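Enquirer:
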Amino acid sequence: MQGNGGASDEDRRNGFERGGWALGKGDYETHAFINQTYDRAEAFLLGRRTYELFAASWGSLKEQDVPGWEPVMQALNTQPKYVASTTLTDPAWSGTAVLPENLATAIRELKAKPGGELQVHGSGTLTRWLLENDLIEEMTLIVVPVILGQGARLFPEAGPDLALDLVESRVDSKGVTIQVFRPAGRPQYATA
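Anchor point for the sequence shown: position 116 equals 116 in this note's numbering, and the numbering is continuous, going up by one each time.
1) Under 8 angstroms by Cβ, that's how I've got Asn35 and Trp58 pegged, so tell me the actual separation to the nearest angstrom.
2) Taking 8 angstroms as the threshold, find out whether the stretch 63 to 75 comes into contact with the stretch 100 to 110 through three or more Cβ pairs.
3) For Ile107, which three-state DSSP category applies?
4) Between the alpha carbons of Lys25 and Ile142, how many angstroms are there, rounded?
5) Suppose only complete runs of 3+ residues qualify. What are the beta strand (DSSP E) ranges in the stretch 112 to 150, listed by chain order?
6) Between Ser60 and Arg186, what straight-line distance do the alpha-carbon atoms span, to the nearest angstrom?
7) Classify Tyr189 as buried or exposed, calling it buried when 16 or more other Cβ atoms lie within 10 Å of its own Cβ.
8) Just to confirm the assignment, what range does the alpha helix (DSSP H) spanning Glu157 have?
9) What distance in whole Å lies between the Cβ atoms of Val167 and Leu45, which are believed to be in contact at a cut-off of 8 angstroms?
10) Could you spell out the range, first to last residue, of the alpha helix (DSSP H) harbouring Arg49?
11) Ser173 by DSSP, collapsed to three states: which one?
12) Return the chain-ordered list of same chain residues with a C-beta closer than 6 angstroms to the C-beta of Thr140, the five sequence neighbours on each side being excluded.
13) Mind checking which residues open and close the beta strand (DSSP E) that includes Val98?
14) Please classify Tyr28: does DSSP put it in a helix, a strand, or coil?
15) Answer yes if the stretch 118 to 132 comes into contact with the stretch 89 to 96, meaning at least three C-beta pairs across the two stretches below 8 angstroms, and no otherwise.
16) For a test of the three-state rule: what should DSSP assign to Leu45, helix, strand or coil?
17) In or out: Lys81 buried (at least 16 other Cβ within 10 Å) or exposed?
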């Protein structure tokens with residue numbers, strides 16, 4: 001999941017050299033799905049690394065800089081952004097608040113607010129923590145038909161197990177799959 005955006009130097013931590021691997025891989029329908037997803041957001045919940053990457057790119061762009069991605073840019077620059085971080089103290093991107101140390105309580109309070117979706121994009125460490133703490137209601141995975149061979153993984157080699165119910169699934173003309181899941185508790189394993 002690391003460094004999937006447009007710049008080859010987007011996220012070079014741990015020697016990652018394959019940035020920009022998802023650029024141009026989806027078709028028009030996938031592009032539209034991503035725009036519609038961001039357009040539905042009432043607010044964004046981001047980990048510190050993703051926040052810093054997004055602020056450095058999306059936070060400084062103008063609509064003419066992102067033809068076709070205006071809904072993403074508009075949403076990220078107008079909707080509230082909440083950052084889960086113990087090190088970020090003074091976020092510069094307009095509309096950003098750092099969540100307090102009692103993260104689970106703060107996120108439950110955000111989720112309880114009336115309105116649209118609280119969305120997480122990227123933010124692998126945060127996503128794993130949210131899953132472990134039963135704080136995700138629905139998860140959309142966009143799988144690009146590329147094997148990177150390096151970089152950060154969304155799901156670790158070892159960790160808690162979780163059953164998922166498939167809500168929606170589609171594949172575009174370029175082989176990109178979009179799968180929407182809802183967590184469904186612990187999986188049931190066959191007995192010997």
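Backbone N, C-alpha and C fix where the C-beta goes; we use that ideal spot for every residue, glycine too. Note that this is a predicted model, so its numbers are computed, not measured.
Expert: In short:
1) Rounded to the nearest angstrom, the Cβ distance from Asn35 to Trp58 is 13 angstroms, too far for a contact under 8 angstroms.
2) no
3) helix
4) 11 angstroms
5) 117 to 119, 139 to 143
6) 42 angstroms
7) exposed
8) Where Glu157 is concerned, there is no enclosing alpha helix (DSSP H), given that its DSSP letter is neither H nor E.
9) Contact flag wrong, Cβ pair sits at about 20 angstroms.
10) 48 to 57
11) coil
12) Val180
13) Going by DSSP, Val98 is part of the beta strand (DSSP E) stretching over 96 to 98.
14) helix
15) They do not touch, by the three-pair rule.
16) Of the three classes helix, strand and coil, the one that applies to Leu45 here is strand, per DSSP.
17) buried
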